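Trainee:
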Amino acid sequence: MCDLLNERIRINKILQQAIDDGFGEWSIKTDELVQHCFLALQAYYDGSCVEECLKKKAEEFVSSHLARASTNDRPSARKQAAG
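So the sequence shown is numbered by our numbering: it starts at 3 and just counts up by one.
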């Protein structure tokens with residue numbers, strides 16, 4: 003099994019880039035975003051990490067990203083950011 007802990011920064015950069023590449027819109031379904039992120043990781047780590055591990059990391063990252071986006075989209079969060 004791969005050592006994703008030591009690759010955390012690189013993995014997060016790959017996943018953030020995948021989201022930023024036009025997939026940051028709310029209109030995309032969560033499962034499509036997870037699949038896109040998974041494919042980005044798979045392209046980089048092909049053969050060096052099992053698919054289940056990459057899929058789990060993609061799911062966790064998307065979940066965290068959507069939670070942050072939801073929090074930042076609330077009016078109270080916008081007031082705090084502006085003030």
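The beta-carbon is built from N, C-alpha and C at its ideal position, and this holds for glycine as well. Bear in mind the structure is a predicted one, so any value in this text is a computation, not a measurement.
Does A45 pass the burial test, meaning 16 or more other C-beta atoms within 10 Å, or should it be called exposed?
Mentor: exposed
Trainee: Thinking C-alpha only, which one of A71, A69, R10 and I16 is nearest A42?
Mentor: I16
Trainee: Would I21 pass as a contact of H67 if the rule is Cβ separation under 9 Å?
Mentor: yes
Trainee: Alpha carbon to alpha carbon, what distance is there between Q18 and S65?
Mentor: 12 Å
Trainee: Within the same chain, show all residues whose beta-carbon is closer than 7 Å to that of L56, passing over the 5 residues directly before and after it, in chain order.
Mentor: So the qualifying residues of the chain are F40, L43, Q44 and Y47.
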